[in-house]
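Quick note: our numbering has the sequence shown finishing at residue 316, numbered continuously throughout.
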Amino acid sequence: MATSISPPPAPPAPNNLREVLELEQLDTNLFRSRVNQININRTLFGGQILGQGLKAATQTVASDRVCHSLHGYFLLAGASDIPVIYDVELTRDGGSFSTRRVVARQRSRPIFHMELSFHRQEAGLQHEVPSSPDVPDPEDLMDVRQLLEKFGDRLPKGATALASQEAIIELKPVNPEMFMLRKQSLQRAQYWIRSASPLPDDPLMQLAGLAYLSDYFLVSTALLKHPVQMTNKDVMMASLDHAMWFHTPPRADQWILVEAVSPFAGGARGLTRAEMYNRDRKLVASVAQEGLIRLLDKPAS
Numbered sequence: 016m017a018t019s020i021s022p023p024p025a026p027p028a029p030n031n032l033r034e035v036l037e038l039e040q041l042d043t044n045l046f047r048s049r050v051n052q053i054n055i056n057r058t059l060f061g062g063q064i065l066g067q068g069l070k071a072a073t074q075t076v077a078s079d080r081v082c083h084s085l086h087g088y089f090l091l092a093g094a095s096d097i098p099v100i101y102d103v104e105l106t107r108d109g110g111s112f113s114t115r116r117v118v119a120r121q122r123s124r125p126i127f128h129m130e131l132s133f134h135r136q137e138a139g140l141q142h143e144v145p146s147s148p149d150v151p152d153p154e155d156l157m158d159v160r161q162l163l164e165k166f167g168d169r170l171p172k173g174a175t176a177l178a179s180q181e182a183i184i185e186l187k188p189v190n191p192e193m194f195m196l197r198k199q200s201l202q203r204a205q206y207w208i209r210s211a212s213p214l215p216d217d218p219l220m221q222l223a224g225l226a227y228l229s230d231y232f233l234v235s236t237a238l239l240k241h242p243v244q245m246t247n248k249d250v251m252m253a254s255l256d257h258a259m260w261f262h263t264p265p266r267a268d269q270w271i272l273v274e275a276v277s278p279f280a281g282g283a284r285g286l287t288r289a290e291m292y293n294r295d296r297k298l299v300a301s302v303a304q305e306g307l308i309r310l311l312d313k314p315a316s
């Protein structure tokens, strides 16, 4: 007689970014999420999978090696009602570099996979692209709650949904009226972002936190060149892939300046590139992401 297997209880919702990044180690190379972040569609936020996957892979690598790049593909929308299982493959350990492959699964199906490369620290040539010189400091800008009070019902639903995430992140757009209301096209998105609560000093937690933050607003950056007020009923957006290069150790619980541009959109896809700078305007990471941007047919009036 066949017996049914009861599904595991739904993971609790996180109260802060530290909880989002916590993992339970099931075996040498097998990990499970402890909490799940829920967005407005009741699916998993891609930043959660990026941060947790990076943390899982790093725990299988020698301590003298740090992740310098990752390349991931979002295969299926994650569900927030069950845990995520992270299976880490120890692909290679060389003299200077280590490579890992992570597959994130739910209900035995892969929802995401990622390749990560780790490098033993070395000295070498150094240069970096500076941030824009005219960007105001975060203390001179309004946060999401203040913007909601100022703009009220003029904000699209995607922007108002950020208020529910304030327990996890703080966000301050550099050009709030154009960025939120899209009164005219913008060549680039600029915003300050950080964890809303302190993170442990552990470098891995800070690196995983930066990976989490890197997924905010990348797909929607492609809409900034099209000054139209789009709601969730007008367009379908989803991350397809995500690449990230880490340059210097970050602190995800201190202000990070993101400067993002979308060089191309077409064929229902949009590409975004971004640089991430720390509070001292030093480049800490570079990001690239392609996303689905599908315009939905509106019913005839």
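We treat Cβ as the ideally placed atom computed from N, Cα and C, and that holds for glycine.
Outcome for residue i when other beta-carbon atoms lying within 10 angstroms are tallied against a minimum of 16
i: ASP312; result: exposed
i: LYS187; result: buried
i: THR106; result: exposed
i: PHE46; result: buried
i: HIS142; result: exposed
i: PHE279; result: exposed
i: SER316; result: Low local confidence applies: a pLDDT of 43 at SER316 is under 50, so the model's placement there is unreliable, with the coordinate-based value given in what follows. SER316 should be labelled exposed.
i: SER78; result: exposed
i: SER235; result: buried
i: GLY282; result: exposed
i: GLU274; result: buried
i: ARG57; result: exposed
Nearest to residue i (by Cα), restricted to the options the options
i: PRO151; options: LEU298, TRP207, ARG80, MET129; result: TRP207
i: SER229; options: GLN205, LEU238, LYS240; result: GLN205
i: GLY62; options: ALA25, ALA77, MET129, MET251; result: MET129
i: ARG284; options: THR58, PRO265, LEU233; result: LEU233
i: ALA25; options: LEU41, ALA267, VAL50; result: VAL50
i: LEU239; options: PHE261, GLU192, GLU185, SER212; result: GLU192
i: ARG33; options: GLN136, ARG160, VAL159, GLN221; result: GLN221
i: LEU162; options: SER147, PRO145, PRO148, GLU185; result: GLU185
i: GLY306; options: TRP270, HIS257, ASN293; result: HIS257
i: VAL159; options: VAL144, SER146, ASN190; result: ASN190
i: MET251; options: PRO153, ASN44, ALA237; result: ALA237
i: ALA72; options: GLY139, ASP216, ASP108, ARG203; result: ASP108
i: LEU36; options: TYR227, SER254, MET259, PRO218; result: TYR227
Heavy atom of the ligand FAD within 6 Å of residue i beta-carbon
i: ALA119; result: No copy of the ligand FAD occurs in the structure displayed, which carries no ligand at all.
Residues bridged to residue i [DSSP beta-bridge criterion]
i: VAL250; result: LEU310
i: PHE261; result: ALA300
i: TYR231; result: Answer by DSSP bridge pairing: none, since TYR231 is not bridged.
i: ASP133; result: Sequence inspection shows Phe at residue 133; the Asp mentioned does not correspond to that position. Answer is CYS82, SER113.
i: HIS128; result: TYR88, VAL118
i: ARG209; result: GLU185
7 Å Cβ cutoff met for residue i and residue j
i: MET291; j: ALA300; result: yes
i: HIS134; j: PHE112; result: yes
i: ILE53; j: SER95; result: yes
i: ARG115; j: VAL103; result: yes
i: LEU90; j: ILE126; result: yes
i: GLY68; j: TYR101; result: yes
i: LEU214; j: ASP249; result: no
Check: What residue ranges within the segment 67-106 form continuous beta strand (DSSP E) runs of no fewer than 3 residues, ordered along the chain?
Finding: 80-89
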